[in-house]
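Trainee: The structure follows.
Protein chains: 2
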Amino acid sequence: MAGRVSRYTEIADDLRDQIKRGALAPSAQLPTEKELAERWDVSPNTIKKAVNELRQEGLVDTVPQKGSFVAEPAAPFVITLNHTDLGEENAPGRGFGGGEGRAFVAEAERQEHRANSSKPEVQVEDAESVHMKALGITPVPPDQPQPQVVRRSQQRFVDGKPNSLQHSYFKLELAIEAQALLKSADIEEGTVAYLQSRGHVQTGYEDEFNARPPKEEELKFFGLSRGSLAVIEHTRTAYDQRGEPFRLTITVYKPGTNRIRFIAGDVPAEVWERGS
Amino acid sequence: MAGRVSRYTEIADDLRDQIKRGALAPSAQLPTEKELAERWDVSPNTIKKAVNELRQEGLVDTVPQKGSFVAEPAAPFVITLNHTDLGEENAPGRGFGGGEGRAFVAEAERQEHRANSSKPEVQVEDAESVHMKALGITPVPPDQPQPQVVRRSQQRFVDGKPNSLQHSYFKLELAIEAQALLKSADIEEGTVAYLQSRGHVQTGYEDEFNARPPKEEELKFFGLSRGSLAVIEHTRTAYDQRGEPFRLTITVYKPGTNRIRFIAGDVPAEVWERGS
DNA sequence: GAGTGGTCTAGACCACCGG
DNA sequence: CGGTGGTCTAGACCACTCG
């Protein structure tokens, strides 16, 4: 019977079961790999493979020289990407700001979570080709000086825990006419409103979703170890009233603890309210 | 210098580099694990770990008893989830159908891809709690007969290749008053239009995104091996004119070959047109 | 210093694929 | 049949954390 299933699958199934049943409570430490190896009478590598499975499913967090722990049950923080407020039907920016900057904090507060973000790190750098494409920058041959962009990066936290990383890219020319983009400080009125005052009204956007393994930097920020869950990457290209792309925002979410959502048309109020 | 980086990372980096440079062309077979082990003078397990990295990044597909192959470059099929057509501003369903059923095929044709989907598999089954919650079904104690739902599942292909799996769930009562839901056949006019004719007008929906490792069934359908890229799961709960949830659709996409997108407000026409 | 997971070795046997 | 990757062993050393 058990012959059809590999040993490590069997072990992973057992651990998964214990977690789901609650025999292993959230944040509890799993038995050490050595202990598991003895209990199942298998070699350490087999245990590692089993634990690896659970890590990829997001059920377990492994902290390198400490141990593996049952992941906190998705403290579901819901990020609604296409609304900013529940007030006026025609409030400025309604339907156009969610998930970014101050909207992120507001959304959290509505759900009775505490959100904060780091001071933006501002960097001027050579544009990567994806960024150029999105921002409508014409590429130049590799032997010539490359076009540059301004990147504003923030780390975002919910209830003190790492939640997402956000990078916004702007053409350098835009940053020169809207210099707050170059300051490593929050833009008081919000980026959308600020840019609107400088003549770039956000009239629409295009969103894309992707899943990919975390980069080294993201592993560190989220406190994950290698072989963890994939991250969700949300890319928003914002267009102004002339139909020109003027902002590219890439947000990387740790999945499991985030629910990323969109709402269209009429849905019951309690759907909007639903936080956790 | 190389001492700081683990051996398998080094090997993965080298292979990744060869793929990106084109030294290993798409669909070409990688050197066998044995060969790599000899070339790098490491043990087989180290090679496996390196190849595993590339699999998780979607750069390589491994076919168990045959070999590892460079993945085809993402033939990007763009699925726009919130529009059905580019015609009339107020065309029925505009903004409300994208990505589902016939809309999927239409979207593909616009991008000059050929899409088709399998005949729907219809199953009546006990509702899982997450489905009950979404459809607003009140749970009953586990010792009583469980509420049931109708599941309609389709496999979807683009250019003959597996693209996504879609499962739609309906309350059993709804299927009784709208019996086409119970037939294992495409609904000619589209599910949204059909249900509208039965008194359930789709007035809004809520979308959620998640990333998770593929299930066994999905591995098989997508032709992936274990440890591959995460799949993207898109959940749509549709609400009718009374504000009642009446349909739950879960679509599982193989990432890399799909770009999943949303559009809001005004964007230039070429953004809509952008297929590949 | 004891304990943890991360990396790595040098083999082994198996199942499945192709010719 | 030989070749492939999948699984597994029984160790080893290392880097890091914690008390």
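In order, the protein sequences belong to chains D and G. Counting with full-length UniProt numbering, you get residues 1 to 276 for the letters of the first sequence. Counting with full-length UniProt numbering, you get residues 1 to 276 for the letters of the second sequence. Glycine included, every Cβ here is placed at the ideal spot set by N, Cα and C.
1) According to the Cβ coordinates, are residue 209 of chain D and residue 232 of chain D closer than 8 Å?
2) Straight-line CA distance for residue 201 of chain D to residue 32 of chain D?
3) Can we say the segment 243–251 of chain D touches the segment 150–170 of chain D, given the rule of at least three CB pairs closer than 8 Å?
4) Just tell me which of G:44, G:162, G:241, G:8 has its CA closest to the CA of residue 118 of chain G.
5) Go through its chain and collect everything with a Cβ distance to residue 89 of chain G's Cβ below 8 Å, but skip five positions before and after it.
6) Anyone know if the C-beta pair for residue 36 of chain D and residue 70 of chain D falls short of 8 Å?
7) Is residue 55 of chain D near residue 46 of chain D, with beta carbons less than 8 Å apart?
8) Does any residue of chain G have a CB that is nearer than 8 Å to the CB of residue 271 of chain D?
9) Measure from the alpha carbon of residue 132 of chain G to the alpha carbon of each residue in G:143, G:42, G:41, G:150, then state which is nearest.
10) What is the C-beta distance between residue 152 of chain D and residue 164 of chain D, in whole angstroms, given that I count them as a contact (C-beta under 8 Å)?
11) On a Cα-Cα basis, can you pick out the residue from D:59, D:271, D:175, D:207 that is closest to residue 195 of chain D?
12) Can you tell me which of D:127, D:154, D:106, D:135 puts its alpha carbon nearest to the alpha carbon of residue 146 of chain D?
13) Take the Cβ of residue 19 of chain D as the centre, count every other Cβ of all protein chains shown within 10 Å, and call the residue buried at 16 or more, exposed below.
14) List the residues that DSSP assigns as beta-bridge partners of residue 258 of chain D.
15) Anything in the segment 200–215 of chain D with a Cβ closer than 9 Å to a Cβ of chain G? List those residues in chain order, please.
16) According to the Cβ coordinates, are residue 213 of chain G and residue 57 of chain D closer than 8 Å?
17) Can you check whether the CB of residue 186 of chain G is closer than 8 Å to the CB of residue 120 of chain G?
18) Run through DSSP, which three-state label would residue 82 of chain D get?
19) What are the start and end residues of the alpha helix (DSSP H) that includes residue 129 of chain D?
20) Taking any Cβ of chain G, which residues in the segment 233–266 of chain D have a Cβ under 7 Å from it, in chain order?
21) DSSP three-state label for residue 153 of chain G, please.
22) Does residue 102 of chain G come out as helix, strand or coil in the three-state DSSP assignment?
23) For residue 57 of chain D, which residues in chain G fall below 9 Å Cβ to Cβ?
24) Alpha helix (DSSP H) containing residue 195 of chain D: first to last residue?
25) Below 8 Å CB to CB, which residues in the same chain sit around residue 172 of chain G once its five sequence neighbours on both sides are set aside?
26) Can you pull the chain G residues whose beta carbon is under 9 Å from the beta carbon of residue 50 of chain D, in chain order?
27) Compute the Euclidean distance between the alpha carbons of residue 159 of chain G and residue 274 of chain D, then round it to the nearest angstrom.
28) Between which two residues does the alpha helix (DSSP H) harbouring residue 125 of chain G extend?
29) If we cut at 8 Å on Cβ distances, does residue 82 of chain G have a partner in chain D?
30) Excluding five sequence neighbours on each side, which residues of the same chain lie with their C-beta closer than 7 Å to the C-beta of residue 16 of chain D?
31) Cα-Cα, which of D:234, D:206, D:178 is closest to residue 199 of chain D?
32) Identify the contact partners of residue 268 of chain D in chain G, using a Cβ-Cβ distance below 7 Å as the criterion.
33) With residue 230 of chain G and residue 230 of chain D assumed to form a contact (beta carbons below 8 Å), what rounded beta-carbon distance in angstroms separates them?
34) Would you call the CB atoms of residue 239 of chain D and residue 245 of chain D closer than 8 Å?
35) If the cut is a Cβ gap below 7 Å, which residues of chain D does residue 230 of chain G touch?
Mentor: This is what the structure gives:
1) Yes. Within cutoff.
2) Inter-residue distance for residue 201 of chain D and residue 32 of chain D is about 56 Å (C-alpha atoms, whole angstroms).
3) By the C-beta criterion, the segment 243–251 of chain D is judged to be in contact with the segment 150–170 of chain D, since at least 3 inter-stretch pairs fall below 8 Å.
4) Nearest option by C-alpha distance: G:162.
5) Low local confidence applies: a pLDDT of 43 at residue 89 of chain G is under 50, so the model's placement there is unreliable, and no value is given.
6) It is not a contact, given that the beta carbons lie outside the stated cut-off.
7) Taking 8 Å as the Cβ cut-off, residue 55 of chain D and residue 46 of chain D do not qualify as a contacting pair.
8) Taking 8 Å as the CB threshold, residue 271 of chain D lines the interface with chain G.
9) The option with the nearest alpha carbon to residue 132 of chain G is G:150.
10) The C-beta distance from residue 152 of chain D to residue 164 of chain D rounds to 14 Å, too long to meet the 8 Å contact threshold.
11) Out of D:59, D:271, D:175, D:207, D:175 has the C-alpha closest to the C-alpha of residue 195 of chain D.
12) Taking each of D:127, D:154, D:106, D:135 in turn and checking the Cα distance to residue 146 of chain D, the smallest one comes out for D:127.
13) The residue is buried, with at least 16 neighbouring Cβ atoms inside 10 Å.
14) DSSP, once it has assigned bridges, lists D:77 as partnering residue 258 of chain D.
15) Taking a C-beta cut-off of 9 Å against chain G, the contacting residues of the segment 200–215 of chain D are 202, 203, 204, 205, 206, 207, 208, 209, 210, 211, 212, 213, listed in chain order.
16) It is a contact, given that the beta carbons lie within the stated cut-off.
17) In terms of Cβ geometry, residue 120 of chain G and residue 186 of chain G form a close pair [threshold 8 Å].
18) Residue 82 of chain D: coil per DSSP, three-state reduction.
19) Residue 129 of chain D -> alpha helix (DSSP H) spans 129–135.
20) Listed in sequence order: 239, 243, 255, 259, 260, 261, 262, 263, 264, 265, 266.
21) Note: residue 153 of chain G maps to strand in three-state DSSP.
22) In this structure, residue 102 of chain G counts as helix in the three-state DSSP scheme.
23) The contacting residues are 212, 213.
24) Following the DSSP letters along the chain, one finds residue 195 of chain D inside the alpha helix (DSSP H) bounded by residues 191–197.
25) Apart from the 5 residues on each side of it in sequence, residue 172 of chain G sits with its Cβ closer than 8 Å to the Cβ of 124, 147, 148, 149, 150 in its chain, given in chain order.
26) Result: empty, since nearest Cβ-Cβ is about 13 Å, beyond 9 Å.
27) Cα to Cα, the separation comes out at about 39 Å.
28) For residue 125 of chain G, no alpha helix (DSSP H) encloses it; the enclosing beta strand (DSSP E) starts and ends at 121–126.
29) Interface residue, yes.
30) Residues of the same chain with a CB within less than 7 Å of the CB of residue 16 of chain D, apart from the 5 flanking positions on each side, are 54, 59 in chain order.
31) Nearest of D:234, D:206, D:178 to residue 199 of chain D, Cα basis: D:178.
32) Within chain G, the residues near residue 268 of chain D are 239, 243.
33) Between residue 230 of chain D and residue 230 of chain G the Cβ distance is about 3 Å, and since that is below 8 Å, they are a contact.
34) Contact: yes.
35) Among the residues of chain D, those whose CB is under 7 Å from the CB of residue 230 of chain G are 211, 230, following chain order.
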